[in-house]
Structure formats: C-alpha cells, structure tokens
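Sequence order for the protein chains is A and B. The C-terminal position of the first sequence is numbered 495 in the working numbering, with every residue numbered one higher than the one before it. The C-terminal position of the second sequence is numbered 1460 in the working numbering, with every residue numbered one higher than the one before it. Just so it is clear, CB atoms sit at the ideal spot from N, CA and C, and this is done for glycine as well.
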Amino acid sequence: MPACSVRHYSEVVSPSGVSIPAPLQREIKSLLGEKNVLDKQDDLLLYEFDGSVEKGRPDLVVFPHTTEQVSKIVRLAAGYEVPVVGRGAGTGLSGGALARGGGVMIVFARMNKILEIDVENQRAVVQPGVVNLDITRAVEHAGLYFAPDPSSAKSCTIGGNVAENAGGPHTLAYGVTTNHIAALELVLPDGEIVRTGSKHGDAAGYDLCGLFVGSEGTLALVTEITVKLARKPEAVKTLLAIFETIEDASQAVVEITASGITPAACEMLDGWTLRVVEDYVHAGYPRDSGAVLLLEVEGLAEAVDGQANAIRDVCKRCRAREVRVAKDDWERDLLWKGRKNAFGALGRVAPSNYVLDGVIPRSKLPQALERIKEIGKKHGFNIGNIFHAGDGNLHPIVLYDPRDTKQFERAIDAAREIIRACVEMGGALTGEHGVGMEKNELMSLLFSDADFALMRRIHDAFNPDSSLNPGKIFPMSKGCGEIRIRKKELAGVRA
Amino acid sequence: MTTTTDVPTRLAEAIGSKRIVAATEELETYAVDGMLPGAIVRPVSPEEVMEVVRFAQTEKLAILPLGARSKCDLGMPPDRYDIALDMTGLREIAHYDPGDLTLSVDAGMPLRELEIHLKQSSQFLPLAVPCFESATVGGSISSGIDSALRLQYGSARDFVIGAEFIDGTGQLCKSGGRVVKNVTGYDLHKLLIGSLGTLGVLTRVNFRTYPLPAISGGHIACFGNAQEALAYKKAVEKSGLPLANLELFNQRAAGMIRAILTRTEEAPPPELERNEWCAYGSFEGSEEVVRRIGRELEKIARGSATAHSRILEPAEDVAVGGMLRESFEWLRWGAPATLLYRLVLPEVTGKTLTELSELAGSVAMASVVIVRATGILYFTVFGENENEQAVAALQKLAMRAMAIARSENGHATLLHAPLTVKRSVARANLSQAQLGLQQRVKQAFDPAGIFAPGRVVGGI
C-alpha cells in the first residue's frame, strides 16, 4: 500500500453538506415540472445507494426527457456551483452513480427511447435510459443483438454501461462496451451539447469516443448513443465442465487460453458458490464438485464442433470429472440461469456481499485463486468465487453483515489486499465495474504522479470545476501530491 | 519555418552529442512534406526521450516522433519541425506471455520482426497495415491506418490494451495495462491511436495477441459493373459469414495489382485482366471452416450476377491479399501527382461510385476505387504530371470528393496529395465544435504545443 492513508468507508454515510438554493430548485421544477423532480428526504434516500457498498445522498433528483433539458439543468446547477451526477438504473458496483458531493442527480430513466434501428448497417441509436437487454429485444427479429451483456442486463441502462465501460460474460470473445459504441451525443459540464464518433467507420481526429466511454461520468453526460449491433451466430454450444478441485478447473482455463481457443464465454463457479447457487436456482450444478466451468462456443457450426471438442479434450486432460453439453435451448438457459442469478442466491446466506473486480493475467489464475483463499482465511472470511475466468476478471465475493462494523472493516481490508495481490501479479484494479468511489484510493497502486497529472489535465479539460461527478476515480487522500482531488472538489464530499 | 540551425549544438549541450545527427544528407531522409528537421535524435531509452522532450519544451522546439518513416506523408504538413525523434532504437519485447496472449513491446520494434517472434508461439498481431515490411509498432499505431483484417479483428483500438508514452511535459505516463480486460482510469491510449505523434511520444504499446489460424483461404468474384459487385458484397455481409477481409476494386486497381505481381514474379490470378470489378474475400480457421466459407461464397457469387468466380490457389490468395494490405503504398506512388482519399460512408452505393468516377473523368484523370467491407472506401485519382494545371485540378477534386462524402453523411480523410492540395484541405474537415473538443485533448497532453504541430486535421 502506498503512503496514502485509507478512508474509512463508514464515514461516507453522513448526510449531504450541499444544499440546493431555493431559486435553483424553482428553476429546475419550472423546467421539468413538479412530477419530474424529487426533493423529499424519503425519496432521496432511494437514490443514496447503488449496487456497491458505498453511499452518497443527492439533494435533488431530476428526470429529464430531452437532451436540451439535460443541458439546461447542467447550466443552471453550474450557475449555483452545485455538483451534478448522472445515473442510469443504479446497478453499478463502484459507486459511480452516487452523489458523493451531494447536489443534483440526473436520472436518465425517462430518456429511454430507441430512436433508430438500422438493420442493414447494424447500428441502433438509443437514449441513455434504454435498458441493455431491450436493445437486443428490439433487434433480435433481424438476427442481431447487442453484445455486451452485464449480469444486470435486464435492468442496467446503456448510459450506465457507457459511463462504466461495462463488460459481461460474453465480452471474452466480443469485447466490452467500448468496442460496440460508434458515436455519442454528450452534454459537457458547461451545458454545451456536442457529438463525437461516427456512425460508421472511424471518426476524423482523435478517438474521443474511446476517451468518453468508461470515463465514469466525470467528463460529460451521455445523452444519445449509437451502438453497433452484432449478428447472431449460426451455432452455439454450451458446456458445463465439472471438476473435483478448483485447481484443476483453473488449470483448464489456463490451458484453454494458451491453446488458442477463444470461447464466447468461460465462467467459473467454485464449489462453495455453486452449492449456494444450486440450492436456490436448481441449475443442475453437481453439489459435490470442487468447481465448474460454464463455457460457450459460438460461430459457424463447423467451428463450434471443433472448438467444443478441443475444450472437452483440455478439460479431460485437466481431470474434469465430466463435461456436459446442453442438449437444447432449455438446458442452455438453465445452466446460464445459475450463473446469472448467483448474486441473488448469495443474498440468502448473508445479509450483504461485497463483489470485487480485480483482473489478472490468465496464465496466473491458479496462483491468484490460491492467494484469495489465503487472504480470506487471514481475515476470517470464506471468499466465494464466481467470475469471468476466460479473461482473468476475478469476482471474489466477501459475505458480511453491514450491521457488524468490525466485520465490515475486515471485509474492506480483505478486499484491498486482494486487489493489491492482483496488481502484484501484473493485473489491474477493475475489469468492468469501474473505479468510482470504491477504488479511487487504490489507484496509486497502478498509477504514478505523472499518470495522475495527465489524467487530471484531461479531466480538467472537460470538467474544470469538478462540477460533474466529483470525488470519483482520483484518490482523495492528502499528502500524496497535489494531483489528487482538490479542495474545491472536496468541499461537498463526505469522506 | 523556424530557424533551426543551432538546434544540434543546443541539443548536444543538453543531452550529449552521442544520439544526435545533423548531417545534411541524413536530414534530407527525414523530410516530412518537404520540411527538413534541424536535427535528428536517436534515443535508445524512454529516459533519453524524456530528456529530448524536456529540452524541446524549454526551448519551444517542435518534435516529430518517427518510426520507420514509411507513412510520413499521412497527415497535414507540420507547422514547425525542429527535431526528428527517431524511435527505432527502442525495439525490445518488454513482456510476452503467450499463455495469456498479451504482449508489451517497444514502439520502435518492426512489425515484421515482431511477427516472426510471435509465430514461434503460433500467435500474431492482426495489424495488417501497409508498408508492413518496414513499419514499426509505434508508427503503425500513431498513423491510425487501416488494417486489412479489421473486418474480423477490428482496428487497433480493439486490441491495444495499454501504452507508455512521454507527454508534452516530458513525463513518462501510462494508460491501460497488460491485461485483456481493464477499466482502471481513463483510456488515454485510445487517443494516441491515429494521433500522428501530436499528443505524445509512444515508447511502448501493450497488445492482446491472437492465435494463428490453422489455414486461410481466398475467393474472387468478377462483375461487369459496380452495381453488381455491390449487390454481391451486400449478400455476403448479410450471410453473416465470418470473413477476415472483403474488398471490391475496379478495373484500374486490378490492372495495377496484376502489373506489380507480374513484376515481382508472384501469381496474379488471370481474373485481374479482364473484369470491370473484382471482389476478393479472405477467410481463416480450421480446414472445415475454410472449406465451408469458400463453398458458401461460391454459392452467393453464383446466385448473383457474377461473370466468373472461384476459390483462389493459396499462392494467389497470399499475393492478392498482400497487395490489398499494401494498397495505400502502391496507390500513392501510382502517378507523379496522386490524390488519395479515405472516405467513410454509411453505405457505399452505385451512385457514390459513379459520382466519384465521373469526378475523375471530368478532368480526364484515371481513378482507382477500393471498397473495404467496413464502409471504408479508398479513392485515388492519378495526375500524370505535377504541373500547376494538374495540381489545380486535383485541388478542385479534393474539395468535391470531400463534399460528396459529407452529402452522404460520411467524411473523408486525405491520405496523400501534392503539398498545395494538402494545405488547402488542412482546416476544412471538422466543425468548430469538433475542433474545440480535439483542441482540449491536445492542450492536456501537450500544453506547450511541441509535438508535431499542425499534423492532425483541423491544424492541431
């Protein structure tokens, strides 16, 4: 751990220090109408959370319907020096859509229209509040789909996906959100509406889409998105490889990767997790196994057969007890149901869980899992693993009781140690959940002062007053140089 | 042009004379758009690059980071050019984990050398860019030029996973990492792709690598006119067949390919001799997959208006595929005065192709059109001499080609043209709002404006 001191998570829950000036509130209400503005504490409470362990309460929650309204809200708030944060469905796992500095929260739920579907050119133009899975639903009649598939695809919005550069199980073969975004319309912190990217091909000049996707709402608010649509593969095979030990399962992942097979998805559930899941979902995972791999291969029928056979051979070589192939869509859906509902299942065994998101080189998977086990033991936790093994994106799950503050702090310590171990193995802090306010203090594990200085200059080039989503990505700790989150930015931030 | 005569002396005082070259004959080989640098520096470490950048920052000198200099004519003419920073001395493989399919390599590493290295582990980098024999990793990434394999593997932004570079303040910075999935911090490395050296000096690039396919195949289909060729292309796209490349080219292009292949004693398919339009498809995978795709392409071709189609012999496939990868190279030198545009269009239609061909015809010049399946079109016009009249004609064409792209909701990038023509379009391609966004990025990376000033469209 670098010299930076760590923030105590439990302090973040104190009520907002920012108040909304009455004239600002009036102006926003007259712009949007009363029914599109929430200002009662009971209502605001609902927007204090996302899917992470963090909290941050906004002072006003607003629901615009148009880009112009978003621009006006941002302009109004800037006039009163009140911070603004964007939010989709609030399913994020790093506190990206929490109002850490209080202020106005713009919820995009009512900007949820699919504006255009261009089947011929495989593009769709959508508003940020459109739910991820609804894009696929709208285009599947034409044999198309939107490839990034976070576990929350049924509820998360595309705007949030863009902000966090979301992933999902099938991004192993097809890439994460950034690989599927062609163009964006954005509102900058001063209210200016700009467009970047190109519906087709590459845009002229710098790849600004590449910068804005994954910038976690700290540079601009996304108000319209042109997504690329993929063509549904001709054939799909889903395999469940069952192992006696997690070591064998992770060795199989190493060998599948090294042999040049790229499955569309390669997910692992360890024995403890799969038992919890099986008791709840009844997906057919064998309760007495040490780990399972859920693998999917897609493409031309010939390619799929060849790859499935190759995977089966590798798994057998790594002492798989059995490799099952889903016989039909029903079996396939059942196997995936176990994976996709895993977090719901975990809710039955502990009041709360903390899902981490470290990444490691895939060749180091066995060592990483061993290390996680040791760290768990040291801090008194049984850490479950259910994750995107194929791209080295770990999701260790620490179960805890939030009412037990001592235990919660131990969970945070364990989490930090795991992330540090990922970095030491040549990995990164986050594969798909984002940095947000969850891991900003850990950023110094990866980045130097020079890196922060440049990132800060990029931040300031678009968001000079930190009026947009303050308190995210950059470390806040004092004593680590001047390039951290600055005083002004800290003003409304509770930490 | 600024006075740069004393640059070598001042540089030598600051960083020592060992890496500095100032001999006129050498400087001439570093000319970019007719401009010569005041000195050439050949650093061998990021630390030495940092020193040069800091010196340039203090002295307000302009640096052009360069690789093998194979594509220096891409981009707009630089406003100033004091130091040629030759990065070919940084050429190590810093990290290669075949088991993870990840690679971290110095910017000066030649692509060909890297290819040989990766092949030992049966892997490759799908960066099939022109001038492949000489190009470096850093130069190819900075140029942003198309890879002929982008249909299957995407462009550099899809497989560059991180980078190290020196920013305009002389600091070594990094972005991304060495893992295939990573959302830690801003994706600054994406900005460097295609930035033509205007944002920083790339010292190292991290990639995900790919397994070499077991085998590959090629297919050719010939058509009597553009309309039929486009209909075939559409049918292939609709089939969802996973092709590595699909390109259409007109008769003049076919003739040029045939002439070059004949000269180099490779195997030009006879089809290149007699058809208005050809469609080349390439595909890879297992033997079964390659057989299947070849079969299906034949079926689609037969079902369309093809005059003739067949699966190419392996040697023919390599020859045609290689020529199309290199099209930028032979197109730009195809005549004494060449105008080479890359148009990005929502949809390439027969109307567009007719308009472009008529455009060249209106000044009695020959033109080549190559359509890459991803909505990218290379349009080249050949001026048989470089006199004032020919250049004036090309200049007019340049503006009209850009207008055609715009009228179809696309855009055009000038890849090669006589200097006068380049200058006339330098600032004409971006809206004010777009330019403003680009300038913010440039200012953040390079506050003192020392990196390749003027090279990116819009004069950044």
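Cβ neighbours of residue i in the same chain (closer than 8 Å, five flanking residues each side left out)
| i | result |
| --- | --- |
| B/Trp1277 | Cys1222, Phe1223, Gly1224, Asn1225, Ala1226, Glu1228, Ala1229, Leu1248, Phe1249, Asn1250, Gln1251 |
| B/Gly1034 | Pro1077, Leu1419 |
| A/Pro83 | Val18, Ala77, Ala99, Gly101, Gly102, Gly103, Val104, Ser466, Ser467, Leu468, Asn469, Pro470, Gly492 |
| A/Glu192 | Ser71 |
| B/Ala1128 | Ser1147, Ala1148, Leu1149, Arg1325 |
| A/Val37 | Gln25, Ile28, Lys29, Leu60, Val61, Val62, Phe63 |
Proximal residues to residue i (C-beta, below 6 Å), its chain only, five neighbours per side dropped
| i | result |
| --- | --- |
| A/Ala389 | Val253, Cys266, Met268 |
| A/Ala142 | Val119 |
| A/Ala342 | Val277, Ile386 |
| B/Ala1373 | Leu1151, Leu1246 |
| B/Val1053 | Ile1166, Gly1170 |
| B/Val1320 | Tyr1280 |
| A/Pro396 | Leu356, Ile372, Ile383, Asn385, Ile418 |
| B/Cys1072 | Val1032 |
Cβ distance (whole Å) where residue i is taken to contact residue j below 8 Å
| i | j | result |
| --- | --- | --- |
| B/Lys1181 | A/Gly51 | That belief does not hold up - the Cβ atoms of B/Lys1181 and A/Gly51 are roughly 19 Å apart, past 8 Å. |
| A/Val292 | A/Ala345 | Incorrect: roughly 14 Å between the Cβ atoms, too far for contact. |
| A/Glu133 | A/Ala147 | The sequence given here has Leu at residue 133 of chain A, not Glu. The Cβ separation is near 12 Å, so there is no contact. |
| B/Arg1325 | B/Phe1132 | 6 Å |
| B/Leu1415 | B/Arg1295 | About 36 Å separates the two Cβ atoms, so there is no contact after all. |
| B/Ala1529 | B/Ala1412 | No answer is possible for residue 1529 of chain B: it lies beyond the span of chain B, which begins at 1001 and ends at 1460. |
| A/Leu300 | B/Pro1242 | 7 Å |
| A/Gly434 | A/Gly392 | About 17 Å separates the two Cβ atoms, so there is no contact after all. |
| A/Gly88 | A/Thr157 | 3 Å |
| A/Glu224 | A/Thr67 | 7 Å |
| A/Lys228 | A/Gln122 | 6 Å |
| B/Ser1236 | B/Val1137 | According to the sequence displayed, residue 1236 of chain B carries Val and not Ser. Not confirmed; about 32 Å, so no contact. |
| A/Tyr206 | B/Gln1057 | Not confirmed; about 21 Å, so no contact. |
Simplified DSSP assignment, three categories, for residue i
| i | result |
| --- | --- |
| A/Asp313 | helix |
| A/Ala342 | helix |
| A/Ile20 | coil |
| B/Trp1277 | strand |
| B/Gly1383 | strand |
| A/Asn161 | helix |
| B/Leu960 | The structure shown does not extend to residue 960 of chain B, since chain B is modelled only from 1001 to 1460, so the question has no answer here. |
| B/Leu1340 | strand |
| B/Asp1106 | strand |
| A/Val12 | Summary for A/Val12: the model assigns pLDDT 35, below 50, so the residue's position carries little reliability, and this model does not support an answer. |
| B/Gln1019 | Checking the sequence, you will find Arg at residue 1019 of chain B rather than Gln. Here B/Arg1019 sits in coil by DSSP. |
| A/Tyr280 | helix |
| A/Glu476 | According to the sequence displayed, residue 476 of chain A carries Met and not Glu. Residue state, collapsed to three classes: coil. |
| B/Glu1313 | coil |
| A/Phe381 | coil |
| B/Leu1414 | strand |
| B/Thr1374 | coil |
| A/Gly481 | Residue confidence is low: A/Gly481 scores 39 on pLDDT, short of 50, so the model does not pin down where it sits. Its coordinate-derived value is still stated next. Note: A/Gly481 maps to coil in three-state DSSP. |
| A/Ala368 | helix |
| B/Met1035 | strand |
| B/Thr1203 | strand |
Same chain, Cβ closer than 7 Å to residue i, neighbours up to 5 away in sequence not counted
| i | result |
| --- | --- |
| B/Gly1454 | Met1076, Pro1077, Pro1078, Asp1079 |
| A/Ile261 | Gln307, Ala310, Ile311 |
| B/Pro1269 | Ile1220, Leu1312, Glu1316, Val1320 |
Contact set between residue i and chain E, taken where Cβ atoms lie within less than 7 Å
| i | result |
| --- | --- |
| A/Asp207 | The structure shown contains no chain E; the protein chains it does contain are A and B. |
Problem - the region 1158 to 1168 of chain B / the region 1047 to 1061 of chain B touching (three or more Cβ pairs under 8 Å) - result: Touching, yes.
Problem - Stretch-stretch touch, CB-based, cutoff 8 Å, three pairs: the region 207 to 214 of chain A with the region 158 to 173 of chain A - result: Because the criterion of three Cβ pairs below 8 Å is met, the region 207 to 214 of chain A and the region 158 to 173 of chain A touch.
Handout entry: Within the region 1241 to 1272 of chain B, ranges of the alpha helix (DSSP H) (whole runs, at least 4 residues)
Key = Runs found: 1251 to 1263.
Handout entry: Completely contained beta strand (DSSP E) runs for the region 49 to 116 of chain A, where each covers 3 or more residues
Key = Inside the region 49 to 116 of chain A, DSSP marks whole beta strand (DSSP E) runs of 3 or more residues at positions 60 to 62, 84 to 87, 104 to 107, from first to last along the chain.
Handout entry: Contained alpha helix (DSSP H) runs [length at least 4] in the region 206 to 270 of chain A, N- to C-terminal order
Key = Runs of alpha helix (DSSP H) with 4 or more residues, each lying fully within the region 206 to 270 of chain A, are found at 208 to 212, 246 to 258, listed in chain order.
Exercise for the section: Return the chain-ordered ranges of every alpha helix (DSSP H) run that is complete within the region 1426 to 1456 of chain B and spans a minimum of 4 residues. Expected result: Those alpha helix (DSSP H) runs which fall completely within the region 1426 to 1456 of chain B and span 4+ residues are 1432 to 1445.
Problem - Three or more C-beta pairs below 8 Å linking the region 186 to 201 of chain A and the region 1353 to 1362 of chain B - result: They do not touch, by the three-pair rule.
Exercise for the section: Give, in chain order, every unbroken run of the beta strand (DSSP E) that is at least 3 residues long and sits entirely within the region 395 to 439 of chain A. Expected result: Listed in chain order, the beta strand (DSSP E) runs fully inside the region 395 to 439 of chain A are 396 to 400, counting runs of at least 3 residues.
Practice task
Say whether the region 86 to 96 of chain A touches the region 46 to 66 of chain A, bearing in mind that this needs 3 or more beta-carbon pairs closer than 8 Å, one atom from each stretch.
Solution key: Here the region 86 to 96 of chain A lies against the region 46 to 66 of chain A, with 3 or more beta-carbon pairs under 8 Å apart.
Handout entry: the region 410 to 420 of chain A contacting the region 371 to 383 of chain A, beta-carbon criterion three pairs below 8 Å
Key = The region 410 to 420 of chain A vs the region 371 to 383 of chain A: in contact.
Exercise for the section: Please determine if the region 317 to 329 of chain A and the region 237 to 254 of chain A are in contact, where contact requires at least 3 C-beta pairs separated by less than 8 Å. Expected result: Contact between the region 317 to 329 of chain A and the region 237 to 254 of chain A is present: 3 or more CB-CB pairs across the two stretches fall below 8 Å.
Practice task
Mind the definition here: the region 438 to 454 of chain A touches the region 361 to 368 of chain A only if three or more C-beta pairs lie below 8 Å; say whether that holds.
Solution key: Result no; under three Cβ-Cβ pairs closer than 8 Å.
Practice task
For the region 1047 to 1094 of chain B, list the beta strand (DSSP E) runs that are entirely contained and at least 3 residues long, ordered along the chain.
Solution key: The region 1047 to 1094 of chain B is shown to contain whole beta strand (DSSP E) runs of 3 or more residues at 1063 to 1066, 1083 to 1086, in chain order.
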